[in-house]
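Numbering-wise (the numbering used here), the sequence shown opens with residue 2 and increments by one. Using N, Cα and C, we set each Cβ at its ideal position, and we do this for glycine too. Right, one structure below, let's go through it.
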Amino acid sequence: WGKPWAEAGQQFDHRPFIDANAFDLSLIPPMGPNGEIWEIPLGTTNICTVLFVNKALVKQLGFDVPKTYEDIVAMVPAAKAAGLEVIAFNGADAWPWGTNWYSMLIGRLSGETDWVTKAVNGQYKFTDKPSIDALKFVQRMVADGVLSKNSVLVDQGSMESTMSNRKALMMYQGHWEAGNLDPSIISDLVLIPFPKIPGEKANMAGSIAGAISVGYGVTKKGAEVPAVRDAALKFIMNFFYSEPEVTQRLRDGGIVAPILKNYQAPADLPEVIKQKIVLANSAKVTTEVEDSIHSGASHDALMAGMQRIVSGTATPEQVAAEVEALLRK
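If you want it as structure tokens, here you go:
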């Protein structure tokens, strides 16, 4: 993930050595303060906030793929009458509350892609209005019937089973879940950013939360000897980023989309995988992922606190105050 190399002073800027004829450089985000690229990502930004919509089930109930939050709310009575979940979500696991929900909501409601960084650095507080509004929106989803109160009891496998067995209209998770669903349901799915929510800032319309993909690179020490550096880069580029390797990663759900220049997806690639490529290349705004910035006791309190909000045992204000107090200790 790069952190050990950073801590050891082993990061090496790959920019002068990345083959612009092989890679689409516009799909490789800067990683250092001066635009440095510390590793070659396996794929485009990992999209952590994807709404998987079973368009067949939605259409069966008389609706279209939602464009706004209100469109989802309108489906609740019909979904309940049919015995279906509206949005399946693995809320028993702590991390998705930050990775999936808070990351998307704080960006949409604050209008800033790096709100969490600014909060961690002390420029903002988790008790500020955008953060309280993000937590209140989770509370609202439960009240509206969009997100089940029982989602805090659902683990990842159960969520995947619910979606695969057509027991939910939608599922909210990262792009990687496409590879964990039953193949028989894939043709029924469409992948979209979460629809427009009440109170979101105009500049964040259709935004997704994403993290730089892991990848391969050369350490600073390894690059000290030009022959070693060149051999390592040749191996990395000719093996790990060969088209067969990249295509297999796509099939396995390991990446959203390739960073190879002029990559042509095989005709037999599942439609949902092709949708991921379109989604990755069309996302207009990417916000940071909460748990890639925020860690420690305050982060843990935020995750557990969101579970408590959904369960009805804590208010957004109580959770925000706890998080802020722990962060400033």
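Practice item. Put M304 into one of helix, strand or coil per three-state DSSP. Key: helix
Practice item. Go ahead and label Q12 buried or exposed: buried means 16 or more other beta carbons lie within 10 angstroms of its beta carbon, across all protein chains shown. Key: Classification for Q12: buried.
Point to revise | Neighbour-count burial assignment, T288, 16 or more Cβ in a 10 Å radius | key: buried
Exercise for review: Identify, in the order they occur along the chain, each residue of the same chain with its Cβ nearer than 6 Å to the Cβ of G146, setting aside the five sequence neighbours on each side.
Suggested key: V77
Exercise for review: Could you have a look at I107 and say whether DSSP puts it in helix, strand or coil?
Suggested key: helix
Check your understanding: Which ranges would you report for the alpha helix (DSSP H) in the region 204-271 if only whole runs of at least 4 residues count?
Key -> 227-236, 244-253
Exercise for review: Indicate whether G108 and W116 have their beta-carbon atoms separated by less than 8 Å.
Suggested key: For G108 and W116, yes; Cβs fall inside 8 Å.
Point to revise | Distance, V59 Cα to A228 Cα | key: 58 Å
Check your understanding: Going by DSSP, what residues sit across from K197 in a beta bridge?
Key -> T69
Check your understanding: In this structure, what does DSSP give as the bridge partners for Q174?
Key -> V51
Exercise for review: Along the beta strand (DSSP E) that carries I88, what are the first and last residues, could you check?
Suggested key: 86-89
Review point. DSSP three-state call for A9: helix, strand or coil?
Key: A9: coil per DSSP, three-state reduction.
**Study point:** For V219 and L234, the rounded distance between their alpha carbons
**Key:** 7 Å
Review point. Where A210 and A281 are concerned, what is the direct C-alpha to C-alpha distance, given to the nearest angstrom?
Key: 11 Å
Point to revise | First through last residue of the alpha helix (DSSP H) which encompasses P30 | key: Note, P30: premise wrong, no alpha helix (DSSP H); not H, not E.
Review point. What number of angstroms, rounded off, separates the C-alpha of K126 from the C-alpha of E325?
Key: Cα-Cα distance, rounded: 7 Å.
Review point. Over what stretch of residues does the alpha helix (DSSP H) that includes D20 continue unbroken?
Key: Element bounds for D20: n/a, residue is neither H nor E.
Review point. What did DSSP end up calling V191 once you bin it into helix, strand or coil?
Key: strand
Practice item. Can you give me the start and stop residues for the alpha helix (DSSP H) that L118 sits inside? Key: The displayed chain sequence assigns Thr, not Leu, to residue 118. Start and end: 116-121.
**Study point:** For Y242, the nearest candidate out of K4, L43, G33, P17 (CA to CA)
**Key:** L43
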